[in-house]
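The letter at position 181 of the sequence shown is residue 181 when you use UniProt numbering, and the numbering goes up by one with no holes. We put the beta carbon where it would ideally sit given N, CA and C, even for glycine.
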Amino acid sequence: MSAHSTAIGVSSKRGVWGGGNEPLKASYGKLMMWFFLLSDIFTFAAFLITYLATRVTYPAYAGPAQEFVGSNEYWPIPELVFEAVPFLHGFHAPLVFVGIMTFILISSSVTMVLAVEAGHRNDRNDVVKWMLWTIVGGATFLGCQAWEWNHFIHGTDAGSVMTYVNNLGQIVTETVFGANLSVNEYGPATFAQLFFFITGFHGFHVTIGVFLLFLCFYQAAVGVYDRRGHYEMVEKIGLYWHFVDLVWVFVFTLFYLI
(Lines of atoms letter the chains of each structure in order from A and count residues from 1; the text may use other names and numbers.)
(Lines give C-alpha, C1' and ligand atoms only; values in the text may rest on other atoms or scores of the structure.)
Protein backbone atom coordinates (compact mmCIF):
# COMPACT_ATOMS: atom_id res chain seq x y z
CA MET A 1 0.00 0.00 0.00
CA SER A 2 1.37 3.40 -0.97
CA ALA A 3 1.99 6.20 1.50
CA HIS A 4 -0.77 8.22 -0.21
CA SER A 5 -3.32 5.41 0.25
CA THR A 6 -2.27 5.01 3.86
CA ALA A 7 -2.75 8.74 4.44
CA ILE A 8 -6.21 8.59 2.92
CA GLY A 9 -7.15 5.64 5.13
CA VAL A 10 -5.94 7.42 8.27
CA SER A 11 -7.72 10.63 7.26
CA SER A 12 -10.96 8.76 6.65
CA LYS A 13 -10.88 7.43 10.19
CA ARG A 14 -10.50 11.00 11.42
CA GLY A 15 -13.70 12.04 9.69
CA VAL A 16 -12.63 14.13 6.69
CA TRP A 17 -15.08 15.14 4.00
CA GLY A 18 -13.20 15.02 0.71
CA GLY A 19 -11.82 18.56 0.78
CA GLY A 20 -9.48 18.07 3.71
CA ASN A 21 -9.81 18.08 7.48
CA GLU A 22 -13.10 19.29 8.96
CA PRO A 23 -12.82 23.04 9.64
CA LEU A 24 -13.46 23.72 13.34
CA LYS A 25 -14.80 20.13 13.62
CA ALA A 26 -17.78 21.09 11.46
CA SER A 27 -19.05 18.54 8.96
CA TYR A 28 -19.63 19.42 5.33
CA GLY A 29 -23.40 19.69 5.89
CA LYS A 30 -23.10 22.07 8.84
CA LEU A 31 -20.51 24.16 7.01
CA MET A 32 -22.83 24.55 4.02
CA MET A 33 -25.69 25.51 6.34
CA TRP A 34 -23.50 28.24 7.83
CA PHE A 35 -22.68 29.50 4.33
CA PHE A 36 -26.38 29.63 3.47
CA LEU A 37 -27.23 31.45 6.69
CA LEU A 38 -24.45 33.96 6.07
CA SER A 39 -25.92 34.80 2.66
CA ASP A 40 -29.38 35.12 4.22
CA ILE A 41 -27.99 37.48 6.87
CA PHE A 42 -26.90 39.84 4.09
CA THR A 43 -30.35 39.63 2.50
CA PHE A 44 -32.26 40.43 5.68
CA ALA A 45 -29.74 43.13 6.60
CA ALA A 46 -30.35 44.84 3.25
CA PHE A 47 -34.13 44.76 3.78
CA LEU A 48 -33.93 46.11 7.33
CA ILE A 49 -31.46 48.84 6.35
CA THR A 50 -33.88 49.82 3.57
CA TYR A 51 -36.65 50.02 6.16
CA LEU A 52 -34.56 52.24 8.44
CA ALA A 53 -33.49 54.47 5.55
CA THR A 54 -37.12 54.92 4.56
CA ARG A 55 -38.25 55.39 8.15
CA VAL A 56 -35.91 58.34 8.81
CA THR A 57 -37.18 60.20 5.74
CA TYR A 58 -40.55 60.68 7.46
CA PRO A 59 -41.06 62.76 10.61
CA ALA A 60 -42.54 61.10 13.69
CA TYR A 61 -46.03 62.00 14.87
CA ALA A 62 -45.61 64.94 17.26
CA GLY A 63 -49.08 65.23 18.78
CA PRO A 64 -50.66 63.45 21.75
CA ALA A 65 -50.82 59.69 21.20
CA GLN A 66 -54.56 59.55 21.92
CA GLU A 67 -55.16 61.94 19.01
CA PHE A 68 -53.13 59.97 16.47
CA VAL A 69 -54.70 59.46 13.05
CA GLY A 70 -53.11 58.00 9.96
CA SER A 71 -51.55 60.46 7.53
CA ASN A 72 -49.16 60.45 4.58
CA GLU A 73 -47.25 63.27 6.26
CA TYR A 74 -45.71 61.26 9.11
CA TRP A 75 -44.77 57.72 10.07
CA PRO A 76 -47.40 55.89 12.15
CA ILE A 77 -46.95 54.99 15.81
CA PRO A 78 -46.51 51.17 15.81
CA GLU A 79 -48.12 50.55 19.20
CA LEU A 80 -51.25 52.36 17.98
CA VAL A 81 -51.37 50.37 14.75
CA PHE A 82 -50.72 46.89 16.17
CA GLU A 83 -53.04 47.01 19.17
CA ALA A 84 -55.71 44.45 18.36
CA VAL A 85 -56.10 41.05 20.00
CA PRO A 86 -58.01 38.07 18.50
CA PHE A 87 -61.56 37.54 19.79
CA LEU A 88 -61.44 40.85 21.69
CA HIS A 89 -62.93 43.27 19.19
CA GLY A 90 -62.53 46.87 20.28
CA PHE A 91 -60.08 45.98 23.05
CA HIS A 92 -56.89 48.01 22.70
CA ALA A 93 -53.73 46.28 23.89
CA PRO A 94 -50.70 47.89 22.20
CA LEU A 95 -48.19 45.31 20.96
CA VAL A 96 -49.59 42.63 23.28
CA PHE A 97 -50.45 40.22 20.47
CA VAL A 98 -47.16 40.66 18.64
CA GLY A 99 -45.43 40.22 21.99
CA ILE A 100 -47.21 36.88 22.42
CA MET A 101 -46.15 35.90 18.90
CA THR A 102 -42.54 36.74 19.73
CA PHE A 103 -42.67 34.75 22.96
CA ILE A 104 -44.02 31.71 21.11
CA LEU A 105 -41.27 31.86 18.50
CA ILE A 106 -38.49 32.35 21.04
CA SER A 107 -39.90 29.46 23.10
CA SER A 108 -39.67 27.25 20.02
CA SER A 109 -35.94 27.98 19.97
CA VAL A 110 -35.72 26.59 23.49
CA THR A 111 -37.44 23.36 22.49
CA MET A 112 -35.14 23.18 19.46
CA VAL A 113 -32.12 23.38 21.76
CA LEU A 114 -33.55 20.52 23.81
CA ALA A 115 -34.07 18.47 20.65
CA VAL A 116 -30.45 19.01 19.59
CA GLU A 117 -29.23 18.10 23.08
CA ALA A 118 -31.30 14.90 22.96
CA GLY A 119 -29.78 14.13 19.56
CA HIS A 120 -26.31 14.36 21.05
CA ARG A 121 -27.44 11.67 23.51
CA ASN A 122 -28.99 9.61 20.68
CA ASP A 123 -32.27 9.72 22.61
CA ARG A 124 -34.88 9.23 19.90
CA ASN A 125 -37.90 9.67 22.17
CA ASP A 126 -36.73 13.04 23.46
CA VAL A 127 -35.77 14.21 19.98
CA VAL A 128 -39.24 13.35 18.69
CA LYS A 129 -40.93 15.02 21.67
CA TRP A 130 -39.02 18.30 21.48
CA MET A 131 -39.18 18.45 17.69
CA LEU A 132 -42.95 18.11 17.89
CA TRP A 133 -43.16 21.01 20.36
CA THR A 134 -40.96 23.09 18.06
CA ILE A 135 -43.28 22.37 15.13
CA VAL A 136 -46.28 23.40 17.24
CA GLY A 137 -44.53 26.66 18.15
CA GLY A 138 -43.62 27.46 14.56
CA ALA A 139 -47.09 26.63 13.23
CA THR A 140 -48.72 28.69 15.98
CA PHE A 141 -46.53 31.67 15.10
CA LEU A 142 -47.56 31.38 11.45
CA GLY A 143 -51.23 31.25 12.46
CA CYS A 144 -50.78 34.37 14.60
CA GLN A 145 -49.04 36.16 11.74
CA ALA A 146 -51.85 35.23 9.37
CA TRP A 147 -54.37 36.77 11.77
CA GLU A 148 -52.25 39.91 12.13
CA TRP A 149 -52.03 40.29 8.36
CA ASN A 150 -55.78 39.81 8.04
CA HIS A 151 -56.48 42.49 10.63
CA PHE A 152 -53.92 44.85 9.06
CA ILE A 153 -55.50 44.40 5.62
CA HIS A 154 -59.09 44.93 6.81
CA GLY A 155 -58.24 47.77 9.18
CA THR A 156 -60.21 49.46 11.93
CA ASP A 157 -63.90 50.25 12.06
CA ALA A 158 -63.34 54.01 11.71
CA GLY A 159 -60.60 54.05 9.06
CA SER A 160 -58.71 57.23 8.24
CA VAL A 161 -59.28 60.05 5.76
CA MET A 162 -56.34 59.87 3.37
CA THR A 163 -55.32 61.90 0.34
CA TYR A 164 -53.43 59.92 -2.26
CA VAL A 165 -52.86 59.49 -6.00
CA ASN A 166 -54.91 56.62 -7.43
CA ASN A 167 -54.00 54.32 -10.32
CA LEU A 168 -55.36 56.85 -12.81
CA GLY A 169 -53.05 59.56 -11.53
CA GLN A 170 -55.92 61.43 -9.86
CA ILE A 171 -55.62 62.98 -6.39
CA VAL A 172 -58.30 61.36 -4.24
CA THR A 173 -59.42 62.12 -0.70
CA GLU A 174 -61.50 59.40 0.93
CA THR A 175 -61.87 57.28 4.03
CA VAL A 176 -59.51 54.35 3.75
CA PHE A 177 -59.97 51.10 5.66
CA GLY A 178 -57.06 48.76 6.13
CA ALA A 179 -54.02 48.46 3.92
CA ASN A 180 -52.88 47.38 0.50
CA LEU A 181 -49.79 48.13 -1.55
CA SER A 182 -51.19 51.44 -2.83
CA VAL A 183 -52.75 53.09 0.20
CA ASN A 184 -53.40 52.36 3.86
CA GLU A 185 -55.20 53.99 6.74
CA TYR A 186 -52.17 53.93 9.01
CA GLY A 187 -49.72 56.17 7.16
CA PRO A 188 -47.60 56.40 4.00
CA ALA A 189 -48.03 53.64 1.43
CA THR A 190 -44.39 52.66 1.99
CA PHE A 191 -45.25 51.64 5.55
CA ALA A 192 -47.62 48.90 4.39
CA GLN A 193 -45.35 47.87 1.51
CA LEU A 194 -42.40 47.31 3.84
CA PHE A 195 -44.61 45.60 6.42
CA PHE A 196 -45.93 43.08 3.91
CA PHE A 197 -42.55 42.50 2.29
CA ILE A 198 -40.36 42.15 5.39
CA THR A 199 -42.75 40.21 7.63
CA GLY A 200 -43.85 38.17 4.62
CA PHE A 201 -40.27 37.28 3.71
CA HIS A 202 -39.64 36.24 7.30
CA GLY A 203 -42.90 34.28 7.36
CA PHE A 204 -41.76 32.48 4.20
CA HIS A 205 -38.61 31.43 6.05
CA VAL A 206 -40.67 30.22 9.00
CA THR A 207 -42.89 28.20 6.66
CA ILE A 208 -39.85 26.51 5.14
CA GLY A 209 -38.53 25.93 8.65
CA VAL A 210 -41.74 24.24 9.79
CA PHE A 211 -41.61 21.95 6.74
CA LEU A 212 -37.98 21.03 7.50
CA LEU A 213 -38.83 20.49 11.16
CA PHE A 214 -41.64 18.11 10.23
CA LEU A 215 -39.37 16.22 7.83
CA CYS A 216 -36.74 15.93 10.56
CA PHE A 217 -39.39 14.91 13.11
CA TYR A 218 -40.69 12.17 10.81
CA GLN A 219 -37.24 10.79 10.06
CA ALA A 220 -36.37 10.73 13.74
CA ALA A 221 -39.66 9.02 14.60
CA VAL A 222 -39.18 6.20 12.09
CA GLY A 223 -35.58 5.61 13.17
CA VAL A 224 -33.69 6.99 10.17
CA TYR A 225 -31.14 8.74 12.37
CA ASP A 226 -30.72 5.70 14.61
CA ARG A 227 -29.71 3.70 11.56
CA ARG A 228 -27.27 6.44 10.54
CA GLY A 229 -25.80 6.40 14.01
CA HIS A 230 -26.10 10.16 14.57
CA TYR A 231 -28.63 13.03 14.74
CA GLU A 232 -26.62 15.65 12.89
CA MET A 233 -29.60 16.62 10.72
CA VAL A 234 -31.43 17.80 13.84
CA GLU A 235 -28.51 20.10 14.60
CA LYS A 236 -28.42 21.48 11.04
CA ILE A 237 -32.16 22.22 11.05
CA GLY A 238 -31.67 23.74 14.50
CA LEU A 239 -29.13 26.21 13.11
CA TYR A 240 -31.68 27.36 10.53
CA TRP A 241 -34.46 27.63 13.12
CA HIS A 242 -32.33 29.68 15.54
CA PHE A 243 -31.46 32.00 12.66
CA VAL A 244 -35.14 32.52 11.82
CA ASP A 245 -35.88 33.31 15.46
CA LEU A 246 -32.96 35.72 15.73
CA VAL A 247 -34.02 37.59 12.60
CA TRP A 248 -37.49 38.04 14.08
CA VAL A 249 -35.95 39.78 17.11
CA PHE A 250 -34.49 42.40 14.76
CA VAL A 251 -37.73 42.69 12.75
CA PHE A 252 -39.72 43.09 15.97
CA THR A 253 -37.33 45.69 17.36
CA LEU A 254 -37.04 47.83 14.23
CA PHE A 255 -40.58 47.52 12.90
CA TYR A 256 -42.73 47.40 16.01
CA LEU A 257 -40.73 49.33 18.60
CA ILE A 258 -39.14 52.19 16.64
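Specify the secondary structure class of residue 270 as computed by DSSP and reduced to three states.
The structure shown does not extend to residue 270, since the chain spans only 1 to 258, so no value can be given for it.
Return yes when the Cβ of G155 is within less than 8 Å of the Cβ of A192, no when it is not.
The residue labelled residue 192 in the question sits at position 192 within the sequence shown. The residue labelled residue 155 in the question sits at position 155 within the sequence shown. In this structure, G155 does not lie closer than 8 Å to A192 by Cβ.
Looking at A60 and W75, is the spacing between their C-beta atoms short of 8 Å?
For the purposes of this step, residue 75 is identified with residue 75 of the sequence shown, where counting begins at 1. For the purposes of this step, residue 60 is identified with residue 60 of the sequence shown, where counting begins at 1. Against a cut-off of 8 Å, the Cβ pair of A60 and W75 comes out as a contact.
For E174, list the residues DSSP reports as bridge partners.
Translated into the one-based positions of the sequence shown, residue 174 becomes position 174. Answer by DSSP bridge pairing, in chain order: M162.
What is the rounded straight-line gap between the Cα of M112 and the Cα of F44?
For the purposes of this step, residue 112 is taken as residue 112 along the sequence shown, with counting starting at 1. For the purposes of this step, residue 44 is taken as residue 44 along the sequence shown, with counting starting at 1. So the two alpha carbons sit approximately 22 Å from each other.
Span separating the alpha-carbon of G63 from that of T50
As a first step, residue 63 is located in the sequence shown; it is residue number 63 there, counting from the start. As a first step, residue 50 is located in the sequence shown; it is residue number 50 there, counting from the start. Approximately 26 Å between the Cα atoms of the pair.
Cutoff 8 Å; reference F68; Cβ partners in own chain excluding five residues on either side
Position 68 of the sequence shown, counted from the start, is the residue given in the question as residue 68. Excluding residues within five positions, the ones whose Cβ falls inside 8 Å are Y61, P76, I77, L80.
Could you have a look at A60 and say whether DSSP puts it in helix, strand or coil?
As a first step, residue 60 must be located in the sequence shown, where it is residue number 60. If DSSP states are grouped into helix, strand and coil, A60 belongs with the strands.
Other residues of its chain near F243: CB distance less than 6 Å, five sequence neighbours each side excluded:
Indexing the sequence shown from 1 puts residue 243 at position 243. Closer than 6 Å at the Cβ level, and outside the excluded window around F243, lie L37.
Are there 16 or more other CB atoms within 10 angstroms of the CB of S182, so buried, or fewer, so exposed?
Along the sequence shown, one-based indexing puts residue 182 at 182. Classification of S182: exposed, given that the 10 Å Cβ count is below 16.
Classify S12 as buried or exposed, calling it buried when 16 or more other Cβ atoms lie within 10 Å of its own Cβ.
Here residue 12 corresponds to residue number 12 of the sequence shown, with the count starting at 1. Because the pLDDT at S12 is just 43, under 50, the model does not fix this residue reliably, and the value given afterwards should be weighed accordingly. Per the 10 Å Cβ criterion, exposed.
How big is the Cα-Cα spacing for N167 and G119?
Here residue 167 refers to the residue found at position 167 when the sequence shown is read from its first residue. Here residue 119 refers to the residue found at position 119 when the sequence shown is read from its first residue. Roughly 56 Å separates the two Cα atoms.
Reference L88, options K236, H151, V116, closest by Cα:
As a first step, residue 88 is located in the sequence shown; it is residue number 88 there, counting from the start. Nearest C-alpha to L88: H151.
Distance CB(R55)-CB(I258) smaller than 8 Å:
For this step, residue 55 is matched to residue 55 along the sequence shown. For this step, residue 258 is matched to residue 258 along the sequence shown. Yes; because the gap between Cβ atoms is below 8 Å, this pair is in contact.
With 16 as the cutoff for other CB atoms within 10 Å, does M32 come out buried or exposed?
In the sequence shown, counting from the first residue as 1, residue 32 sits at position 32. Classification for M32: exposed.
For A189 and N72, I'd like the C-alpha separation in whole angstroms.
Numbered from 1 along the sequence shown, position 189 holds the residue referred to as residue 189. Numbered from 1 along the sequence shown, position 72 holds the residue referred to as residue 72. When rounded, the distance between both Cα atoms is 8 Å.
Using 8 Å as the cut-off, can you tell me whether the stretch 119-135 makes contact with the stretch 219-233, which would need three or more C-beta pairs spanning the two stretches below that distance?
yes
Status (buried if at least 16 other CB within 10 Å, exposed otherwise) for residue 259:
The chain is shown only over 1 to 258; residue 259 falls outside these bounds and no answer can be derived.
What does DSSP give as the partner residues of W133 in its beta bridges?
Here residue 133 is taken as the residue at index 133 of the sequence shown, counted from 1. None; W133 has no bridge partner.
Under the three-state reduction of DSSP, which class applies to D226: helix, strand or coil?
Reading the sequence shown from its first residue, position 226 is the one you call residue 226. Of the three classes helix, strand and coil, the one that applies to D226 here is helix, per DSSP.
So the alpha helix (DSSP H) E117 belongs to, where does it begin and stop?
Position 117 of the sequence shown, counted from the first residue, corresponds to residue 117. Here the alpha helix (DSSP H) through E117 covers 96-120.
Which same chain residues end up closer than 6 Å to T163 when comparing Cβ atoms and leaving out the 5 residues on each side of it in sequence?
Numbered from its first residue, the sequence shown carries residue 163 at position 163. Result list for T163: T173, in chain order.
For N150, three-class secondary structure by DSSP
For the purposes of this step, residue 150 is identified with residue 150 of the sequence shown, where counting begins at 1. It is helical.
Residues bridged to N125 (per DSSP):
Position 125 of the sequence shown, counted from the first residue, corresponds to residue 125. According to DSSP, N125 bridges with nothing at all.
Taking A65 and V128 to be in contact with their CB atoms under 8 Å, please state how far apart those CB atoms are, rounded to whole angstroms.
Position 65 of the sequence shown, counted from the start, is the residue given in the question as residue 65. Position 128 of the sequence shown, counted from the start, is the residue given in the question as residue 128. Not really, about 48 Å apart at Cβ, beyond 8 Å.
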